[in-house]
Structure formats: structure tokens, C-alpha cells
Amino acid sequence: MDEFQRQHPLAIVHAFSKYILLLLLPLLRSLLLLGGNIWVWASGAWFDILILISVVGFGILQWLCTTYALQNRGIYVESGVLFNEARYIPYSNLSSAVVEKPFYLMPFRVVRIRLETDSGSTKRADVSLLLRESQAYQLVERGTTPLAEAPVRPGSRGIRTYQPRALYIAILSLITSNTLTGVLFLATFISQTGKVLGEQFEAILVHSLTRIVRFLAIQVPPAAAMVAAIILGGWGIAFFINLINHLGFQATRSGKRLAIRVGILVRKEYYLAVERINFLTLRQSLLTKLFGFGSAFINCTGYGKEKNELSVLLPAVDKRDLKRNLRLILPEMRVSERRYKPPKRVITRFLIPPCGTIVGLLAGFLLLGYLLPSLRGLILYFAIMSEIPAVWWLFVKIAAFFHVGIGIREDIYTFNSTFAYAFFTTVLHKDKIAKVEVRQSFFQKMAGCADIRVFTFAETRHHIRVHNIAADQVEEFLRILGK
Amino acid sequence: MEGRISKKMLAVWECIAVLAAGALVMLILWLLPARTWYWYLTLWLIGLALVFCCFLWLPLYYESCHYLVTEEYIEYSRGVFFFVRTRVLRRSIMYVTILRGPLAPFLRIRSLMICSMGANLMLPFLPIREAEALLKEITPKRPAIKGRLFSAGRGKRNG
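These protein sequence lines are chains A and B, in that order.
First residue of the first sequence: 1, per the numbering used here; consecutive thereafter.
First residue of the second sequence: 1, per the numbering used here; consecutive thereafter.
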């Protein structure tokens, strides 16, 4: 058995760094304001100093109580001050190991390592340690080298690398950026700035942002300009965050290990056990589907679990590139054409919901226009704005009829499904299917079709819903799956 | 191996339906002004719903609830207007839990929860002997992890 080791001493402050910074900066500011007179400063801020000392003291205790030992077949970790936890994780049970290198820890040659198994908390890593770089790689080597040395196929060895162009990362950021994420980031940034640097600085920041919006809003009502600025600004920030988080993406397949490197400011290295990859999903919108593009994601415990992380495998690929790159880095997952699909007679089941929505909205707004003639201009505006997504949904549903279905190639299943405005192609091994549910409403019984819900192996509950497959094909699918 | 849920459950559901209708009637009597047209309408609707539930929907629902255990899978079907068949593959079962609710000792029934990573299947309200026999039958004899590994390329299962 190997020696017990401790984390890097930086772990004392790293866990509470946010709180320490919030306490330390105002304290230093007040010390500077008092001209360096320590006694006057200490008599005024004694309570804050006491809290700071106790936070650091607790950090030291926690650091002392957290130890780990690398053993032949697994890692033994002990942690906790009041509630002591000791766990032994065999290397063979690891789904992923993540080495995180934030820019502020790089000068100290310190990294954060996260170990994940298929069980444990869905929000936190099973083991999270702050270690010297050499210690972390020693752990990664012990945990994942047997995987890396195993052949991908009998008799085949070698390392294969996939590195997409920066443009593809930009396309991925474009598709996945969410306005809300950006707005939340901006709100947190402003409020945290206020806490750390003082309310005056926060006021200056907010005033400057308002001036920028006023400057940009020429001949536009201020409220509309503010809304547009929030939406565009939020989206822009989210795009930028996604871009810097995923630039430098590189996936390397060696044996049964898939290593993924991403990021510039916070560099992350993921080491995934290929056998633990639950499924691969190709995500497309109507536009990207028309242009033949999509982004491929994988589900493996620990990958894409943290905030602002995406479980991306191929940032942007067309159909040919998807097959080629999958053959390169994940040959186990092979996309197949639809074998089971909705029969032509059920196309109405795809068209009725959007058509009903379009007609319903139109009728509603016509009635409103008739009842409130003075507000006709406003009603017309809202009618157009609400009809656009309904008409878009109709196009999505038409495309969905030609998309949904199930393909089978040996033991690898491909499920084509849609959700809201997105198209999904999910590829998985049949052993990764946990449960199958066949759902048939009264009308579906009359039309001779049924929905199939496939629950997959995943750390959190996940299912794929394939709509309106012909009833006899559903039976055939169940029969093949049971074999 | 196949079977149904305990017959006693139909009686329990019907009692619950009658109690729920009774509670609703009491609420209506207390809330709405007596002998108005909507007072009559609400009471009639509750009565109709009760008759529909007790004499049509619940017996049909009970009839539709059945399970099937084969070498490859466990299937549970139910539903009148929305017919649902749920199937768990035996190779993906991690463990099986037997559940006992507050009424279970009196009705001599148990429920089985079949757990797999990412999904569970509940076989509810089984007669106690059937539940115990099923527990022995379904509990995985080999570690499920064996079945989850696949060798690269050919997709061949281990185990």
C-alpha cells in the first residue's frame, strides 16, 4: 500500500477563496484608508479579522483531515472534519478523471483533479482534490493507463487525434449560447464587483453600461433599446464564455481511453473510459439540419457536469465528417439509417399540432381585433410575433416526419427523435438501454402507431421519445431488443 | 411467468373513489348556494364521474394491469385511454426492492421496485406470495456491470 498523501497547501484557501476574497479586500481597503495604522484598524475591524482567521483555521483543519493513497487497484480517500468520510474507488470503476488547470493556479503548478464513477452525487464529483501537477498525473496514469493500453479492436493499437478548426468551435458556441446564461453572468459580475470593490465602483459600472446603451439607441425607444441590449449583450457574453471554454479542443483516442482537452483560461483535460460512454447525441436545429451540420455530444459521467461545461465530442460536423470522425475516435458508435419509421398515413399526427396552433392563434387575434378595434395595431404586432414560432414549428414538424425513426446495426441502435425545435440523433449500444416504454393513445391505436420511450443508462434520468412508429414495427423492435 | 395485481386493490380504489366523491360533495354543499342550477349541475357531474369511475374506468384499468416476466425482460402494462407497456431488460437490472405501504399488512400485498441505472420499474400491489416469488426470480444472479461492458467494434456482450 502506498503512503498517505495530502493535497497542496493551497487547498487551505482554495475552497473558501471566494469568501476570503470578500472579507480580505474590504479589510485591506480600510487598512489603506487608515494610512497603515494597524492598531486603530484592528480595534475597528476585529470581528471581520476573527471571521477571516476562523475561515482560514477551518481550511487548515480540512486540509489536515483530507488524505489520499494510491493503491494497486484503486484510490483510498479520507476527508471531513466533523463528519469523516473514507472511500475506496477501484480504478476499474472510474468513468472519468478530469484535470483542471485554472490560469490563477498555473504559476503554482497546482491543478484540481476530479474523479467520477457512475454512482454517487449527480452534482458533485466523487473525489475532488487540489494537487501538484505531478501528483495529479501520477493519479491519472494509475487510473487510466490500463485503459489506454488496451487495443481499440483486437490487434489494433495506436493513438488517433481529432482537432477541429477554431471556426467549428465558434459554430458550436453560436448554437449553444444562451442569453440567460450571459445575463446571469453579467448580473453576478456586477453584484460581486460591488461587494469586493465597493458600491461606488458598482454604480460607475452600471452608469457606464447605461451610457453605452443610450449611445447605441438612436431613434429607438429607451425601453426597447434596453431589452435589446440585455438580450444581445447576454447572448454575446454567453457566446464569449462558450468560446473561451472550448477553444483548443482536442480529442485523442488511445486504446479504450478517450482524452479530451479544452479551454484557454481554464484548461481542462478529461480522461474518459470508452466503455462508460452511455450514448452519443447529434444535436441539430432546423437551420443546421438544412445545411447538413450538427454538433455531437457524448454522455459519460463526469464529462460536461460542471457549470459552463458542454459534453461535446465533435463541435460541428456534417454527415460525412460525423461518420469519418466517429470512425477515428469512437468506432464503437456507428450511425445507421432508419429501419423503423412513421408510416405515411400518420403524417397528420405531425401536422395537426402546429396547424392547430396557427389557426387557433389566428382566430384568437382576429377575435381580439374585432373586440378591441382601437388596439388593432398592437394586436397585429403581437399576432405576427406569435405566429412566427408557430409557423417555424410547422416546418420543424414536416422535417420531423422525415427524421424520426430507429436504426439498428448489429447491437448499436440509432434513435432519431425531436424535442421542441431541436432534432436529435442518439446512438447507443443496446446494453445501455435501461427501460423501454411503448405508449399508445386511443387515436394512435386507431392509426396503428405508437410512441417508444427509451430510458438510457445515465447518471441523471434521461430518455429519448420516438413518435408514431408503426405498431407492427414496434413489436419487431421489442423482439429484436429482447434477444 | 405472468400475473395481475391483487384483486383487493380494485375494492380499495373504488372505496377511495367513493370517499373522494363524498368529500367533494361535502365541499360543494358547503361552498355553493343550495338548489341553484350550478349546484345541481356540479352534484350531477360528481355523481356521473363516480359512476364512470367505479363501473367502467377502474374495472377496465384493473383488467389492463398485468406483468410478464421472461428470460430476457420484465414487462408491466396498464392503461385504458393511454395504453402503456413498460419493459426492463433483465441484463440491466441492478437490484430489486420490495416495498410495503401503510395498507399493505392488512391487504397482504407488496410492491416491487426493479432498479436499473437511469430507470426504475414498479410492479405495484402484488399478492404477498407472488411478490416474494418474483423477488427471488428477478434479483440478478450475476453482477449487472458484466452485462454493461461491451467489447469495442463488434458490440459483443460479456458475461
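A virtual CB, placed ideally from N, CA and C, is assigned to each residue, including glycine.
In the DSSP assignment, B:Met26 falls outside any beta strand (DSSP E) and within the unbroken alpha helix (DSSP H) covering 8–31.
Short of 8 Å from the beta carbon of A:Gly292, and not among the five residues preceding or following it, lie these beta carbons of its own chain, in chain order: Asp318, Lys319. DSSP places A:Glu476 inside the alpha helix (DSSP H), whose first and last residues are 471–482.
In this structure, the beta-carbon distance from B:Tyr38 to B:Leu123 does not fall below 7 Å.
As DSSP reads the structure, A:Arg257 sits in a beta bridge with A:Ser254, A:Ala273. Looking from the CA of A:Val391, the closest CA among A:Arg327, A:Arg339, A:Phe103, A:Cys355 belongs to A:Cys355. A:Ser295: not part of any alpha helix (DSSP H); member of the beta strand (DSSP E) spanning 293–299, first to last residue. According to the DSSP assignment, B:Arg110 belongs to no alpha helix (DSSP H) but to the beta strand (DSSP E) extending over 109–116.
The alpha helix (DSSP H) runs of length 4 or more contained entirely in the stretch 317–375 of chain A are, from start to end of the chain, 319–329, 347–371.
A direct Cα-Cα distance of roughly 15 Å separates A:Tyr370 from A:Tyr381. Between the C-alpha atoms of A:Phe47 and A:Met226 there is a straight-line separation of about 42 Å.
The straight-line gap separating the alpha-carbon atoms of B:Ile93 and B:Cys115 is approximately 6 Å. When the five nearest sequence neighbours on each side are left out, the beta carbons in the same chain lying within less than 8 Å of the beta carbon of A:Pro90 are those of Arg73, Gly74, in order along the chain. Against B:Tyr73, the close residues of chain A are Val436, Leu478, Leu481, Gly482, in the order they occur along the chain (beta-carbon pairs closer than 9 Å).
Here A:His429 is bridged, per DSSP, to A:Ile412. Distance check between A:Arg409 and each of A:Glu337, A:Lys307, A:Arg257, A:Arg465 places A:Glu337 closest, using alpha-carbon atoms only. Per DSSP, A:Cys65 is one residue of the alpha helix (DSSP H) stretching across 46–65.
Residue-level contact check: B:Thr86 touches chain A, since one or more beta carbons of chain A fall below 7 Å from its beta carbon. Bounds of the beta strand (DSSP E) holding B:Leu126 are 119–127.
Burial state of A:Phe455 is buried, judged by a 10 Å Cβ sphere holding 16 or more other Cβ atoms.
Among the residues facing chain B, A:Gln62 is not included, as its CB has no counterpart in that chain under 7 Å away. DSSP, reduced to helix, strand and coil, places A:Val40 within a helical segment of the structure shown.
In the structure shown, A:Tyr162 adopts extended strand secondary structure according to DSSP, grouped into three states. The alpha-carbon of A:Ala69 is positioned some 45 Å away from that of A:Asn416. By a beta-carbon distance limit of 8 Å, A:Ser285 does not contact A:Ala316. Their separation comes to about 12 Å. If you check each beta-carbon in the stretch 109–128 of chain A against every beta-carbon of chain B, the ones closer than 7 Å belong to Asp118. Contact between A:Gly302 and A:Ala125 holds: CB atoms are separated by about 7 Å, below the 8 Å threshold.
At least one C-beta of chain A is nearer than 7 Å to the C-beta of B:Gly118.
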